[in-house]
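Sequential numbering of the sequence shown, starting at 806, is according to my numbering.
The beta carbon of each residue, even a glycine, is placed where N, CA and C say it ideally should be.
Only one structure is covered here, and it is reproduced in the block below.
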Amino acid sequence: MARGWRGEGGQHQGARPYQEDSWALRTLGDGSLLAVVADGMGGHAGGAVASKIVVETFVHSIEQGGGLSDGLQDANDAVRRGAAGKPDLAGMGATLVAAQVRGDEVRWISVGDSPFFLISLGRIERLNADHSMVPQIEAMVKRGMLTAEEAERHPARHTLREAVMGEKLTLIDRGSRRLEPDARLLLCSDGVQTLSEAAIYAVAVRPVQGLIDAVLAAAAEHQDNVTAIKLERQR
C-alpha cells in the first residue's frame, strides 16, 4: 500500500517592504493532501488581498467537494467580487498553483508563472506551464534574436500573460502524473527562481526553510517575495 503524504511550507518577503504571497496546506476528507500558492499583483494592498482571497476561496471550494477546476473558477469569481466598487483594488489579481496528491498520483492546476517542480529519480522537472513572457523571450534567444544577457534584462520578462483577476481565463495549465517512491513536490512563488533549477534540486532534501535561506543567500538586489511548499511521502 502506498504511503501517505506530508507537507510543510514557509515564506519570506525578500527585499520587498511587504508580503503579497499566500499559501495553504490541507489534508482532505478522502486522505489526499492539498497545497496551494498564490502570488499577488496589483500593488501592496491589492496583491495581498487578491492572493488571500484566491487561496481561501480555492481551499474552501475543494473542502466542499469541488474539483481543482471548480476551485479555480470560484477563486476567480471571488476576486471579481472582491474588487467590485473598490477603486483601490482595481486590477488586483494573483497567480495560482495548486496540487492534490494521494497515493502514487498528483493532480495539479495553475494560472500564471508560479512554478511546480517534481524532484525524482535524480532530476528536477517543472510540471506546469509558465504563463509569463519568459518562454517567448527564451525562444528568441534560441533563434539568435537576443543574447542571454539581453533576455535576462528584458523589460517584459516578468510580464504575466494570464492571472486570476476575475476575468475570463484563457490560459490554464492542468495535469496529472504517476509518482515514483522517491518523489518530492515543490510549489513555489516565482521568487524562488532567483535560484537555478539545479540549485533548487540541491536543497530540495532540506526543510523548506533551507530552500528559502538559499534564495536569500543569493542576495538578489530586488529579491521578490518567496514562498514554497514541499510535499513528500511520510517515512
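{"query": "Beta-carbon proximity of residue 912 to residue 866, cut-off 9 Å", "result": "no"}
{"query": "Residues near residue 979 by beta carbon distance below 8 Å, same chain, minus five either side", "result": "873, 874, 912, 913, 914, 915"}
{"query": "Limits of the unbroken beta strand (DSSP E) element including residue 889", "result": "Neither: residue 889 is in no beta strand (DSSP E) and is coded neither H nor E."}
{"query": "Buried or exposed by the 16-neighbour rule on C-beta atoms within 10 Å, applied to residue 967", "result": "buried"}
{"query": "Residue from 809, 819, 897, 810 with nearest C-alpha to residue 1026", "result": "819"}
{"query": "Sequence ranges, alpha helix (DSSP H) only - wholly within the stretch 973–1009, length at least 4", "result": "1002–1008"}
{"query": "Cβ pair residue 839, residue 864 closer than 9 Å", "result": "yes"}
{"query": "Straight-line gap, residue 899 to residue 811 (C-alpha atoms, nearest Å)", "result": "26 Å"}
{"query": "For residue 859 and residue 969, believed in contact at Cβ under 8 Å, the rounded distance", "result": "5 Å"}
{"query": "Local conformation of residue 862 per DSSP, three classes", "result": "helix"}
{"query": "Expected contact under 8 Å - CB spacing of residue 931 and residue 922 to nearest Å", "result": "6 Å"}
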